């Protein structure tokens, strides 16, 4: 079973590469972030024609998350439980039929950026992460294969950024942000990429400015965290880097895992 996450950075602007990815990579489940549209503007017909069921939590112009699944979506949860989103669409969760393996629980997450860190935006980021940690702890008690996928807007370690010193004061790399991410791992979740490689320089985001893509000045902020039941089935992780080189690309690329 192939599960991917992708901050698409406006689904309507990125419809052509999205449909190409669905056709060529053919993920069983795709979690999208930063839709930048309300539900009525989401290209549902095109996605359903590509063979996918859809649940989404949209918002005009900003944010927005969705889960696309080839298999039936049995139930969904809109919004992160226990958190005041203040009108921001940042979390959706679904239970999906998983053939002979039972059910798979998947969340599409768009964590707050938090910049500038000396403003209320950073407190909002940390409160979101605390609520996510509490909910993630509760999900573990279900003992299900669970994948918490999305744009976490957190660079976990120095090896996940091209120039750690340049990001030292950024909300994505502050010690408090990294500690919040580590608390999720401490619960018993596995960072899928780090389960298969220790390599540095593996990035999922390159800014549009200053030739970041051409100079490979990237960061890794898109993650798939696996419950023990999902981690036991992990067979492969792929950063689909070539998507960044396409026409009108998102500044993020998809990351995919395969569960046996």
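In this note's numbering, the protein residues as written are 1135 to 1394.
Every residue, glycine too, gets a C-beta built ideally from N, C-alpha and C.
If you're wondering where the values come from, they're calculated on a predicted model, not measured in any experiment.
Out of the options, which has the shortest C-alpha to C-alpha gap to residue i?
| i | options | result |
| --- | --- | --- |
| residue 1170 | 1291, 1147 and 1162 | 1147 |
| residue 1337 | 1263, 1295, 1245 and 1145 | 1295 |
| residue 1252 | 1209, 1298 and 1304 | 1304 |
| residue 1383 | 1352, 1254 and 1144 | 1144 |
| residue 1309 | 1288, 1211 and 1343 | 1288 |
| residue 1343 | 1187, 1385 and 1204 | 1385 |
| residue 1322 | 1350, 1298, 1361 and 1182 | 1361 |
| residue 1204 | 1369, 1254, 1272 and 1185 | 1185 |
| residue 1217 | 1239, 1236, 1235 and 1265 | 1265 |
| residue 1236 | 1324, 1207 and 1370 | 1207 |
| residue 1213 | 1193, 1301 and 1376 | 1193 |
| residue 1377 | 1340, 1370 and 1331 | 1340 |
Report buried or exposed for residue i, applying the criterion of at least 16 other Cβ atoms within 10 angstroms of its Cβ.
| i | result |
| --- | --- |
| residue 1276 | exposed |
| residue 1168 | buried |
| residue 1241 | buried |
| residue 1195 | exposed |
Pop quiz: residue i and residue j are said to be a contact at Cβ under 8 Å. What is the actual Cβ separation, rounded to whole angstroms?
| i | j | result |
| --- | --- | --- |
| residue 1197 | residue 1223 | 5 Å |
| residue 1326 | residue 1358 | 4 Å |
| residue 1363 | residue 1227 | Incorrect: roughly 16 Å between the Cβ atoms, too far for contact. |
| residue 1182 | residue 1189 | Actually they are not in contact, since the Cβ atoms of residue 1182 and residue 1189 sit about 12 Å apart, beyond 8 Å. |
| residue 1318 | residue 1267 | 6 Å |
Would you report the Cα separation of residue i and residue j, rounded to the nearest angstrom?
| i | j | result |
| --- | --- | --- |
| residue 1258 | residue 1249 | 10 Å |
| residue 1200 | residue 1392 | 20 Å |
| residue 1256 | residue 1191 | 23 Å |
| residue 1269 | residue 1225 | 12 Å |
| residue 1345 | residue 1233 | 44 Å |
| residue 1149 | residue 1177 | 8 Å |
| residue 1396 | residue 1334 | Because the chain in this structure spans residues 1135 to 1394, residue 1396 falls outside the shown range and cannot be described. |
| residue 1261 | residue 1220 | 12 Å |
| residue 1135 | residue 1290 | 26 Å |
| residue 1285 | residue 1353 | 12 Å |
| residue 1320 | residue 1373 | 24 Å |
| residue 1244 | residue 1215 | 14 Å |
| residue 1381 | residue 1160 | 20 Å |
| residue 1388 | residue 1139 | 5 Å |
| residue 1272 | residue 1348 | 42 Å |
| residue 1311 | residue 1211 | 25 Å |
Any beta-carbon of chain C closer than 7 Å to the one on residue i?
| i | result |
| --- | --- |
| residue 1359 | The structure shown contains no chain C; it holds only a single protein chain. |
Practice task
Within the stretch 1265-1332, note down every full beta strand (DSSP E) run reaching 3 residues or more, in order along the chain.
Solution key: Along the stretch 1265-1332, the beta strand (DSSP E) occurs as fully enclosed runs of 3 or more residues at 1279-1285, listed in sequence order.
Exercise for the section: Quick one: which unbroken alpha helix (DSSP H) runs of 4-plus residues sit fully inside the stretch 1361-1388? Chain order, please. Expected result: 1362-1365, all fully within the stretch 1361-1388.
Problem - Entirely enclosed beta strand (DSSP E) segments - the stretch 1136-1169, minimum 3 residues - result: For the beta strand (DSSP E) assignment, the uninterrupted runs of no fewer than 3 residues enclosed by the stretch 1136-1169 are, from N- to C-terminal side, 1136-1141 and 1163-1167.
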